[in-house]
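Residue numbers (my numbering): 96 to 307.
The beta-carbon is built from N, C-alpha and C at its ideal position, and this holds for glycine as well.
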Amino acid sequence: MRTAPLDTPDFLTLAAQRLRPEPPALGDALANPRGDHSLDDVPLVHPLTPKEAAVLVPVVMREEPTLLFTERATSLRQHSGQIAFPGGRVDPTDESVLAAAYREAQEEIGLDNRFISPLGYLDPYLSTTNYLVIPVVARVAPSYTLVLNPDEVADTFEVPLSFLMEPANHQLHAREWQGIRRRYYAMPYEGRYIWGVTAGILRNLYERLYMP
Numbered sequence: 096m097r098t099a100p101l102d103t104p105d106f107l108t109l110a111a112q113r114l115r116p117e118p119p120a121l122g123d124a125l126a127n128p129r130g131d132h133s134l135d136d137v138p139l140v141h142p143l144t145p146k147e148a149a150v151l152v153p154v155v156m157r158e159e160p161t162l163l164f165t166e167r168a169t170s171l172r173q174h175s176g177q178i179a180f181p182g183g184r185v186d187p188t189d190e191s192v193l194a195a196a197y198r199e200a201q202e203e204i205g206l207d208n209r210f211i212s213p214l215g216y217l218d219p220y221l222s223t224t225n226y227l228v229i230p231v232v233a234r235v236a237p238s239y240t241l242v243l244n245p246d247e248v249a250d251t252f253e254v255p256l257s258f259l260m261e262p263a264n265h266q267l268h269a270r271e272w273q274g275i276r277r278r279y280y281a282m283p284y285e286g287r288y289i290w291g292v293t294a295g296i297l298r299n300l301y302e303r304l305y306m307p
């Protein structure tokens, strides 16, 4: 399902009003993280040492804004072939979550910092693989250029923000994982299966900016 194209100035206004201006501290982030666990009747058990990660949520400032995604290389040991945002684990040498997101975008797809301007942060997301993910929402100039790292990324593509922010496109799917039936968001788009953490982050973007 498609809705009317969303307006870029309106998006920027909502982002300025409703996104977190700063990332939460690790202790605060663990107090009430988002995650697929919130869709199931499964109590959340906080891990003692979650692995901190950052992803860039790149909103391309076209006349109709889009989001930029990666398709992970099939040779990767984990999450191969899945749709994702650029991102990864926060390294000890990273000065901040923002620096980690920028570094990962540069390493994975060659997205240079000069094309990116941060807008704010979404809520932390605790994955079933024990990563505490901090999403950094950023505007990306439509003149951006990419150089993909073939060891990590097979392809990139854009999806209209209007499609992703339409709740009718937020499907609930389920599968068995570690003997438990788990539900998760999925947003299939033109043959691409956007699901799991990535779709959960998109749902959080919708709830923060567009939910009535």
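A Cβ-Cβ contact shorter than 8 angstroms links A195 with V185. For the 8 angstroms CB-CB criterion, P230 and V150 form a contact. The continuous alpha helix (DSSP H) containing F258 extends over residues L256 to L259.
Under the criterion of beta carbons closer than 8 angstroms, P219 and V228 qualify as touching, at roughly 7 angstroms. Selection Q177, R115 and V155 evaluated against G286 yields Q177 as nearest (Cα-Cα). Considered as a whole, the segment 133-212 harbours 192-204 as its complete alpha helix (DSSP H) runs of no fewer than 4 residues, in chain order.
The criterion of a C-beta distance shorter than 8 angstroms is satisfied by V242 and G205. In this structure M282 is buried. Its beta-carbon is surrounded by 16 or more other beta-carbon atoms within 10 angstroms. Sequence-distant Cβ neighbours of P118 in its own chain, meaning closer than 6 angstroms and more than five residues away, are V192, Y216 and I229. One Cα belongs to L267, the other to Y280, and the distance between them is close to 5 angstroms. In the DSSP assignment, V292 falls within the alpha helix (DSSP H) that extends over G291 to L304. Inclusion of A294 and Y226 in the CB contact set at 8 angstroms is not warranted, their separation being larger than that value.
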